[in-house]
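Enquirer: Residue numbers (the working numbering), protein chains in the order written: chain U, 60 to 168; chain C, 182 to 294. Glycine included, each C-beta is placed from N, C-alpha and C at the ideal position. Keep in mind it's a predicted model, so treat the numbers as computed, not measured. Below is one structure. I have some questions about it.
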Amino acid sequence: RKEVEQDPGPFNVPEGATVAFNCTYSNSASQSFFWYRQDCRKEPKLLMSVYSSGNEDGRFTAQLNRASQYISLLIRDSKLSDSATYLCVELQGTYKYIFGTGTRLKVLA
Amino acid sequence: EAGVAQSPRYKIIEKRQSVAFWCNPISGHATLYWYQQILGQGPKLLIQFQNNGVVDDSQLPKDRFSAERLKGVDSTLKIQPAKLEDSAVYLCASSLDGNNEQFFGPGTRLTVL
């Protein structure tokens, strides 16, 4: 089993839709998680950190479910510019970052 | 603030040849990472430095890959000899320390023929 698993997609959604991605992790002791965004042929960039209490930044909401060992990313009112690959990242211990394979999102006009 | 710099941006070589990539992290960042990203996959950590010491190189294929960060600033990653399966984007990232946000460079796209 992969350490961090994501549905590769693509998720094709119309503009204005709400879309959610999940990501499962295997290390129950992990404390920190992140969502990175990667545009086609570009480098990953931090979208948001995932806190135990959840984290909201504008149209984006990240949640952590420790009991089921998954994190989620919710995007409301999707924009064309949200089209990208969303990478889930688990920080194991104090320094080991594990990236998922990414979920591809296409927002359609 | 200048970002993470990498060169070259693209490299095409034949199998069994050698290649080297260079990375200059953001000034003041103690932690430097090298990742390999194969098409359709997420970045895979190859090696992590804290200043000029290696923190984690468990996934570095040491028979052909080597990396150094001699003065705790710039870093080079070398592949010798290259194999077809080394075709990927090699991403360098840096962070203030190992627990902070990572900033990625634009990557070097390597094609091995």
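List the residues that DSSP assigns as beta-bridge partners of U:Thr144.
Expert: U:Gln97 and U:Arg163
Enquirer: Would you mind listing the beta strand (DSSP E) stretches within the region 211-292 of chain C that are 3+ residues and don't spill past its ends, in chain order?
Expert: 212-218, 225-231, 234-237, 246-249, 256-260 and 269-276
Enquirer: The beta strand (DSSP E) spanning U:Tyr154 covers which residue range?
Expert: Per DSSP, U:Tyr154 belongs to no beta strand (DSSP E) and is neither H nor E.
Enquirer: The beta strand (DSSP E) with U:Tyr110 in it runs from where to where?
Expert: Element bounds for U:Tyr110: n/a, residue is neither H nor E.
Enquirer: Let me see if you follow: with CB-CB separation under 9 angstroms, is U:Gly117 close to chain C or not?
Expert: For U:Gly117, the answer is no, since every Cβ of chain C falls outside 9 angstroms of its Cβ.
Enquirer: For chain U, is any of its Cβ atoms less than 9 angstroms away from the one on C:Ile238?
Expert: Contrary to the premise, residue 238 of chain C reads as Asp rather than Ile in this sequence. Not one beta carbon of chain U lies nearer than 9 angstroms to the beta carbon of C:Asp238.
Enquirer: Suppose you measure from the CA of C:Leu291 to the CA of C:Ser239; what does that come to, to the nearest Å?
Expert: 22 angstroms
Enquirer: I'd like to know whether the C-beta of U:Lys83 is nearer than 9 angstroms to at least one C-beta of chain C.
Expert: Strictly speaking, residue 83 of chain U in this sequence is Thr, with Lys absent from that position. Not an interface residue.
Enquirer: Between U:Gln97, U:Ala79, U:Gln128 and U:Ala168, which has its C-alpha nearest U:Thr146's C-alpha?
Expert: Just to set this straight, residue 146 of chain U is Leu in the shown sequence, not Thr. Of U:Gln97, U:Ala79, U:Gln128 and U:Ala168, the residue nearest in Cα terms is U:Gln97.
Enquirer: Smallest Cα separation from C:Phe230: which of C:Asp278, C:Phe246 and C:Ile193?
Expert: C:Asp278
Enquirer: So is C:Ile260 buried or exposed if we call it buried at 16+ other beta carbons inside 10 Å?
Expert: buried
Enquirer: Which residues in chain U sit within 7 angstroms of C:Glu282, going by Cβ to Cβ distance?
Expert: Leu105
Enquirer: With a Cβ-Cβ cutoff of 9 angstroms, do U:Phe158 and U:Ala121 count as a contact?
Expert: no
Enquirer: At the level of alpha carbons, what is the spacing between U:Glu115 and C:Gly286?
Expert: 27 angstroms
Enquirer: Let me know if C:Arg190 comes out buried or exposed under the rule of 16 or more other beta-carbons within 10 Å of its beta-carbon.
Expert: exposed
Enquirer: Using a cut-off of 8 angstroms between C-beta atoms, extract the partners of C:Pro224 located in chain U.
Expert: Pro103, Leu146 and Phe158
Enquirer: By Cβ distance below 7 angstroms, which residues in the same chain neighbour C:Val282 in space, the five residues on each side in sequence not counted?
Expert: This sequence places Glu at residue 282 of chain C; Val is not what is there. Taking C:Glu282 as the centre and dropping the five residues before and after it, the same chain places the C-beta of Ser276 closer than 7 angstroms to its C-beta, in chain order.
Enquirer: Just the C-alpha distance for U:Leu150 and U:Gly75, rounded to the nearest angstrom, thanks.
Expert: 32 angstroms
Enquirer: Check the Cβ of C:Gly288 against every Cβ in chain A and list those closer than 7 angstroms, keeping chain order.
Expert: The chain labelled as chain A is not found among the protein chains of the depicted structure, namely U and C.
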